[in-house]
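Peer 1: Sharing a structure below in structure tokens format, with a few things to ask.
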Amino acid sequence: MRTHLIVGNWKMHKTAEATVAFIDDFLQSLHATSTEIDIALAPPFTALGAAADRLREHMRVGLAAQDMHWEEQGAFTGAIAPGMLVEFGVSHVIVGHSERRRSFGETDEMVNKKVKAALAHDLTPIVCVGEPLSVRDGGGAQAHIVTQTHAAFAGVPAHRIAHCVIAYEPIWAIGTGKNCDVNEANAAMASIREGVPGASHATMLYGGSVTPQNMREYARQPHVDGALVGGASLDPVSFFDLIRAAHEGFSGQ
Ligand code: PGA
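Here it is as structure tokens:
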């Protein structure tokens with residue numbers, strides 16, 4: 056169901072020690088404000104334990120994982136199973152990020168297995184879709200992301216898709232400083248809501264060079280429920296400013 060959500064995806068940044076330092080700073084700022092926005096942090100696996108300890112008392116900030124395997128256990132060296140995330144109190148898991156698709160050969164089929172495994176463990180999947188620049192320039196962005204979303208949710212009933220999170224992250228906008236035009240992002244997200252049963256009720260995030268400066272405009276778009284934030288989530292002040300900007304945008308300011 057649609058809720059306002061901002062997720063910080065730290066990628067391969069921050070030790071457990073740096074994670075604790077971030078959380079302490081960030082919570083101090085957060086205590087001084089009231090916002091209805093749900094917040095989740097996705098630190099590296101090695102910092103999940105430290106983050107969980109620090110966040111235990113703070114219901115406003117949830118914990119997300121950046122990836123997981125779909126199997127319960129087994130001979131998968133280096134992989135992390137869903138139950139291992141649940142043990143740390145993780146609530147969300149990012150699935151199918153373009154960096155995993157590109158650098159780790161993740162296919163639509165694997166993404167689909169991860170989505171189903173997450174749902175089976177009551178983890179909310181944050182399913183990432185997005186087109187490369189060549190597809191966008193050829194005018195095929197919307198068809199591309201609708202197809203990707205269908206594939207990610209193949210076999211998942213619409214009423215369950217409605218409880219998932221979908222992140223539209225144009226690949227050319229990730230980490231480049233070239234964020235997608237807000238109207239273009241909104242139209243792309245509308246195409247997913249219209250094209251995939253259940254997606255009209257899903258929480259939908261925009262991702263790709265979101266900053267405290269541009270967040271407000273995204274939050275004002277009707278199809279945008281929040282953001283998946285990489286670079287701008289690494290500094291507690293920047294991340295807090297971004298959340299404040301989102302709050303302004305959502306409340307029509
Ligand atoms: P960025 O990353 O905000 O640094 O562009 C977004 C993401 O990859 O989720």
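Under the working numbering, think of the first position of the sequence shown as 56, with each following residue one higher.
Quick reminder that beta carbons are idealized off the backbone N, C-alpha and C, glycines included.
Every value quoted in this text rests on a predicted model; they were computed, and no experiment measured them.
Is it buried or exposed for His315, if we count other Cβ within 10 angstroms and need 16 for buried?
Peer 2: With the chain covering 56 to 308 only, the question about residue 315 has no answer from this structure.
Peer 1: At a threshold of 8 Å, does Thr231 count as lining the ligand PGA (C-beta to nearest heavy atom)?
Peer 2: For the purposes of this step, residue 231 is taken as the residue at position 176 of the sequence shown. Yes, the beta carbon of Thr231 sits closer than 8 Å to at least one heavy atom of the ligand PGA.
Peer 1: Using the beta-carbon count (16 or more within 10 Å), is Phe159 buried or exposed?
Peer 2: Translated into positions along the sequence shown, residue 159 becomes position 104. Under this definition Phe159 is an exposed residue.
Peer 1: Along the chain, where does the beta strand (DSSP E) that runs through Asn64 open and close?
Peer 2: Along the sequence shown, one-based indexing puts residue 64 at 9. Asn64 -> beta strand (DSSP E) spans Leu60 to Asn64.
Peer 1: Does the distance from the CB of Thr312 to the CB of Asn234 come in under 9 Å?
Peer 2: Absent from the model: residue 312. The displayed extent of the chain is 56 to 308, so no value can be given.
Peer 1: Which residue wins for smallest C-alpha separation from Glu127, given the options His214, Leu140, Val116 and Leu118?
Peer 2: Position 72 of the sequence shown holds residue 127. It is Leu140 whose Cα lies nearest to the Cα of Glu127.
Peer 1: Please state the DSSP three-state secondary structure of Ile229.
Peer 2: Within the sequence shown, the letter at position 174 stands for residue 229. DSSP, reduced to helix, strand and coil, places Ile229 outside both helices and strands of the structure shown, so it counts as coil.
Peer 1: Could you check whether the region 148–156 touches the region 188–197, counting it as contact only if at least three pairs of C-beta atoms, one from each stretch, sit closer than 8 Å?
Peer 2: no
Peer 1: Should Asp280 be labelled buried (16 or more other beta-carbon atoms within 10 Å of its own) or exposed?
Peer 2: Here the question's residue 280 lines up with position 225 in the sequence shown. Asp280 should be labelled buried.
Peer 1: Among Asp122, Leu96 and Ile94, which has the Cα closest to the Cα of Lys168?
Peer 2: For the purposes of this step, residue 168 is identified with residue 113 of the sequence shown, where counting begins at 1. Nearest C-alpha to Lys168: Asp122.
Peer 1: Taking C-beta to C-beta, are Asn64 and Ala102 nearer than 9 Å?
Peer 2: Taking the first residue of the sequence shown as position 1, residue 64 is located at position 9. Taking the first residue of the sequence shown as position 1, residue 102 is located at position 47. Cβ distance not < 9 Å, so Asn64 and Ala102 don't count as in contact.
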